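**Student:**
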Amino acid sequence: MDSERKFGMTRRQFVTSSAAAVVAGSLSPAALAHEQTPAAADRPTSSSPSRVIIDTDPGVDDAFALLLAMRSPELKIEGITPVAGNVPLELTLPNALRMVEIAGRTDIPVAAGAKTPLTRRLVTAAYVHGENGLGGAEFPEPKTKPVSEPAPEFIRTTVRKHPGEITLITIGPLTNVAMALDLDPDLHGMIPRIVMMGGSLSGGNITPAAEFNIYVDPEAARIVFQSGIPITMVGLDVTRKTGLTDAHVRRLESAQNPVSQAAANIAHHAIQHYREAGFLVDPNMHDSLAVAAFLNPSLLNWKEYYVDVETSGELTAGETLGYSPTAGDLRRSAEAEKKAAQSMTIRGSAPTLATTKTSPVLRDHFVPNTNVAMEVDSAGFFELLIGRLTGK
Ligand SMILES: [Ca+2]
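Residue numbers (the working numbering): 27 to 418.
#1: Please go through the same chain and pick out, in chain order, the residues whose beta-carbon is closer than 6 Å to the beta-carbon of G225, but skip the five residues on each side of it.
#2: Is N231 helix, strand or coil when you go by DSSP?
#3: Excluding five sequence neighbours on each side, which residues of the same chain lie with their C-beta closer than 7 Å to the C-beta of K418?
#4: Report the rounded CA-to-CA distance for S52 versus I372, giving the unit in angstroms.
#5: Using a strict less-than 5 Å threshold between each residue's beta carbon and the heavy atoms of ligand 1, what residues do you get?
#6: Write down the C-beta distance between S253 and H214 rounded to the nearest angstrom, noting that I regard them as a contact closer than 8 Å.
#7: Report, in whole angstroms, the separation of the C-beta atoms of F392 and Y332, which I expect to be a contact under 8 Å.
#8: Residue range of the alpha helix (DSSP H) that N397 falls in?
#9: My understanding is that A204 touches R182, with C-beta atoms under 8 Å, so please give their C-beta distance in whole angstroms.
#10: Where are the beta strand (DSSP E) runs, 3 residues long or more, that stay fully inside the region 312-400, in chain order?
#11: If we ignore side chains and look at the alpha-carbon of each, how far apart do A247 and N158 end up?
#12: Measuring straight from C-alpha to C-alpha, what distance separates G130 and T265?
#13: Straight-line CA distance for S74 to A376?
#14: Can you give me the Cβ contacts of L92 inside the same chain, cut-off strictly under 8 Å, excluding the 5 residues immediately before and after it?
#15: So what's E104 in DSSP terms, helix, strand or just coil?
This is the structure:
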């Protein structure tokens with residue numbers, strides 16, 4: 027896909043103009059007025075399944091997330107959109123196709139996404155996911171083909187077919203989503219929510235500051251966080267607490283269905299890969315926790331923040347910053363807290379001596395754009411994950 031040509035302007039111009047619009051406070055009032063609904067309100071409770079698109083870079087934990095989603099009757103998966111991330115697109119695309127074949131769900135369209143981040147060279151995580159992205163677990167070449175539409179166009183047309191209905195579950199770098207939002211200036215108003223594995227308010231994994239998905243394409247992440255679409259962020263703050271153990275693998279192996287057998291195979295290789303690398307912790311199930319958070323938000327505790335993304339830091343690009351009038355050590359009375367939220371300026375770094383500019387003000391008062399997962403019931407999560415994969 028020639029993503030550069032699909033942009034009306036170059037990627038760099040788009041990113042710059044988007045960031046400038048936000049700094050100047052010129053985002054549409056509609057975008058700013060998005061009320062943050064509690065995560066529990068998103069739980070698919072109605073009898074008809076919830077429409078979702080899953081944007082992914084499989085990836086060991088992506089494979090688990092996809093299998094969990096395809097085994098969850100609460101979801102109507104409108105499409106899967108692989109993107110370059112953990113490994114290059116040449117691997118994430120066939121890996122996604124392998125998962126739909128294993129789950130017997132070749133009815134789900136798979137649309138190939140971006141090969142590179144918006145403005146950066148791709149950095150992969152083969153050191154975690156193995157050279158093939160699945161921890162070295164081998165599966166046959168997929169026979170299924172992707173649809174002809176590139177992922178950003180697929181996201182655009184599918185959302186437009188069901189405006190206000192499709193939740194995006196994003197478990198990779200946000201390149202495809204940012205490109206879809208650029209293709210169609212009205213699209214953000216038709217997406218009720220993004221449930222994201224990404225970011226962290228407690229330090230990164232690929233750098234001390236940044237979580238991998240945001241690090242790979244911080245410019246795309248910034249566009250998404252500033253889009254006005256309400257975001258549910260399942261970041262390292264909680265996903266670090268989900269370790270896949272040998273006991274889980276044994277349960278997966280004991281179930282005689284292709285999904286649990288494939289999951290056991292990937293899990294076995296991933297744990298082996300971790301041990302060989304000298305890790306004393308178990309592989310985290312980052313991405314399947316995001317799917318689980320959509321299926322059952324009560325597995326996690328949530329707190330509202332205004333989240334923004336560092337894009338220009340020499341050491342910190344990809345860091346997610348959570349602004350809240352109640353963050354840190356400050357404690358106020360309820361009344362003072364309400365006042366503080368009204369008058370809380372959300373600002374960037376202090377201006378340097380070399381410039382006459384003032385400190386960039388992102389918002390002149392506190393408006394939360396993100397529900398951030400703060401704590402997780404890890405045992406409850408694994409019951410859901412392993413239960414769905416084994417069918418028991
Ligand atoms: Ca992923």
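Cβ coordinates follow ideal geometry from the N, Cα and C atoms, glycine included.
Since this is a predicted model, take the numbers as computed values, not measurements.
**Tutor:** On the basis of the supplied data:
#1: The residues E237, I240, M259, G261, T346, in chain order, have a CB closer than 6 Å to that of G225 in the same chain once the five nearest residues on each side in sequence are set aside.
#2: Coil at N231, not helix or strand.
#3: Non-local beta-carbon contacts of K418 in its own chain, meaning distances under 7 Å to residues more than five positions away in sequence, involve A281 in chain order.
#4: Unreliable placement is indicated for S52, whose pLDDT of 35 sits below 50; the coordinate value is still reported in the next sentence. The C-alpha of S52 lies about 15 Å from the C-alpha of I372.
#5: In chain order, the qualifying residues are D83, G85, D88, I197, G198, D313.
#6: Contact between S253 and H214 holds, with the beta-carbon distance rounding to 4 Å and staying under 8 Å.
#7: Right, the Cβ-Cβ distance comes to about 6 Å (below 8 Å), so this counts as a contact.
#8: Element bounds for N397: not the alpha helix (DSSP H) but the beta strand (DSSP E), 396-402.
#9: Actually they do not touch by this definition, with Cβ atoms about 12 Å apart.
#10: Qualifying beta strand (DSSP E) stretches, in chain order: 326-335, 346-349, 387-389.
#11: Cα to Cα, A247 sits roughly 25 Å from N158.
#12: Spanning the two alpha carbons is a distance of roughly 28 Å.
#13: Looking at the two C-alpha atoms, the distance is approximately 50 Å.
#14: Its chain contains I80, T82, P84, I106, A122, M125, V126, A129 as the residues whose beta carbon lies nearer than 8 Å to that of L92, once the 5 sequence neighbours on both sides are disregarded; these appear in chain order.
#15: Under the three-state reduction of DSSP, E104 is assigned to strand.
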